[in-house]
Every structure is written in structure tokens, then in C-alpha cells.
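Q:
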Amino acid sequence: MAVTIAPVRRPQRTLHTQIYLIEVWKGLGVTLRHLFVNLFRHTRRALGLGGPPGAVTIQYPEDPPVLGKRARTRHRLLKRGDGTPRCTACLLCETICPAKCIRITAEDSPDVMVEKRAKTFAIDLGMCVFCGYCVEACPVDAIHMDANRVELSSYSRKDLIWNMQELLGEKTKGAC
74 MAVTIAPVRR
84 PQRTLHTQIY
94 LIEVWKGLGV
104 TLRHLFVNLF
114 RHTRRALGLG
124 GPPGAVTIQY
134 PEDPPVLGKR
144 ARTRHRLLKR
154 GDGTPRCTAC
164 LLCETICPAK
174 CIRITAEDSP
184 DVMVEKRAKT
194 FAIDLGMCVF
204 CGYCVEACPV
214 DAIHMDANRV
224 ELSSYSRKDL
234 IWNMQELLGE
244 KTKGAC
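Everything in the sequence shown is counted per this note's numbering, starting at 74 for the first residue and increasing by one.
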């Protein structure tokens with residue numbers, strides 16, 4: 074059975090489609106509709122007339138955002154009983170990460186019960202999509218994601234790369 078490939082027919086571009094002015098006006102109409110609906114709702118509630126609430130911008134950091142119970146935010150590395158990191162540098166979290174934001178360098182461990190350990194462990198939170206795959210993939214339960222910890226803002230991209238000391242909680246990152 075032979076497969077025939079038919080050419081794709083492109084629609085003719087008329088003056089109407091080339092100008093885009095109508096689409097710009099449609100987008101402006103949506104924006105203005107949201108503006109006036111929210112303005113009307115806020116005015117009604119300010120006058121004590123009730124009605125549905127209008128959209129509100131959260132005044133972060135004065136008013137912290139309300140997150141769901143299962144929200145995944147800040148990463149944290151766990152320690153063993155002797156204070157060393159639990160990570161055995163198996164590289165499963167680095168391998169499964171869809172954003173490729175985890176970087177681990179392995180070294181031999183001085184402990185004979187542990188084959189290797191992480192020499193460096195860094196997560197670039199500017200690239201992270203907070204999917205939680207790293208937590209699920211870890212066979213030794215070395216990495217966790219805390220809920221409702223959203224203070225991850227920074228003035229530079231370099232400050233969003235957290236190394237092992239920050240992930241263990243031994244050193245705090247300066248937030249905005």
C-alpha cells in the first residue's frame with residue numbers, strides 16, 4: 074500500500090487578515106471588559122451594596138499567598154543521624170528532572186557503609202518547575218519539598234542557584 078502525500082493548501086491571506094487591527098481591538102475589548110467589570114464590582118462593595126467580589130492583586134510580601142495543602146515549593150536535603158547529607162549521589166533526581174536544573178558531583182565516601190556521596194549538589198530554582206519528580210525518584214529519601222514556603226525571590230539569577238549548604242539549612246540565602 075503506497076502512501077501519497079498531498080500538498081498542504083494554505084488559505085489566501087486577505088487584507089482583513091494581514092492588517093490584524095480587528096484582532097487588536099478584540100484583545101483590547103477583553104482587557105477593558107475585565108477592567109470595567111472589576112471596577113464596577115469593587116465600587117459596589119465599597120458602597121456597601123454587596124455583590125460578587127472583584128479580582129484582587131495579592132500584596133506580597135505583606136499578605137502571603139494562600140497555597141493548597143499539596144503545593145510543592147522549597148527544596149530541602151535531609152541529614153543522617155550523624156549530620157551528614159543523606160544523598161548517595163545516585164543521580165536519579167538529576168536524571169529524572171524535566172527542567173535539568175539539578176547538578177550533582179559524586180565522590181567516594183569515607184564511610185564504608187556508604188559507597189559514594191554528593192560532593193556538590195545544586196538546584197537552579199530559576200529553572201525548576203516544582204514538579205516533585207526528584208522527591209519521588211530518590212531511593213534514600215534524601216530530598217523533600219516543603220509546602221507553603223514561597224520566599225524564593227531574588228535580585229539576581231545567581232542567587233537562585235542553591236548549593237548543598239543552603240539546601241541542608243546550614244546557610245540561609247538572602248531573600249529580597
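Heads up, the beta-carbon is just placed ideally off N, CA and C, and yes, glycines get one too. All values reported here derive from a predicted model rather than from experimental measurement.
First and last residue of the beta strand (DSSP E) that includes Arg-149?
A: Element bounds for Arg-149: 148–150.
Q: How long is the line joining the alpha carbons of Leu-164 and Arg-143, rounded to whole angstroms?
A: Each residue's Cα considered, the two are about 25 Å apart.
Q: If the criterion is Cβ atoms closer than 8 Å, does the pair Cys-211 and Ile-175 meet it?
A: Their beta carbons are not under 8 Å apart, which means Cys-211 does not touch Ile-175 by this criterion.
Q: Out of curiosity, what's the CA-to-CA distance linking Tyr-93 and Met-218?
A: Rounded to the nearest angstrom, the two C-alpha atoms are 45 Å apart.
Q: Measure the CB-CB distance between Pro-158 and Ala-215 and report whether it falls below 8 Å.
A: It is a contact, given that the beta carbons lie within the stated cut-off.
Q: Do you know how far the Cα of Thr-90 is from the Cα of Ala-248?
A: Unreliable positioning characterises Ala-248 in this predicted model, as indicated by a pLDDT of 49, which lies under 50. A coordinate reading is not provided.
Q: Tell me the DSSP bridge mates of Phe-194?
A: DSSP, once it has assigned bridges, lists Ile-177 as partnering Phe-194.
Q: What are the boundary residues of the beta strand (DSSP E) that Ile-216 is part of?
A: Ile-216 -> beta strand (DSSP E) spans 216–218.
Q: Shortest alpha-carbon distance to Ala-162 belongs to which of Gly-127, Ile-234 and Ala-195?
A: The candidate whose alpha carbon is nearest that of Ala-162 is Ala-195.
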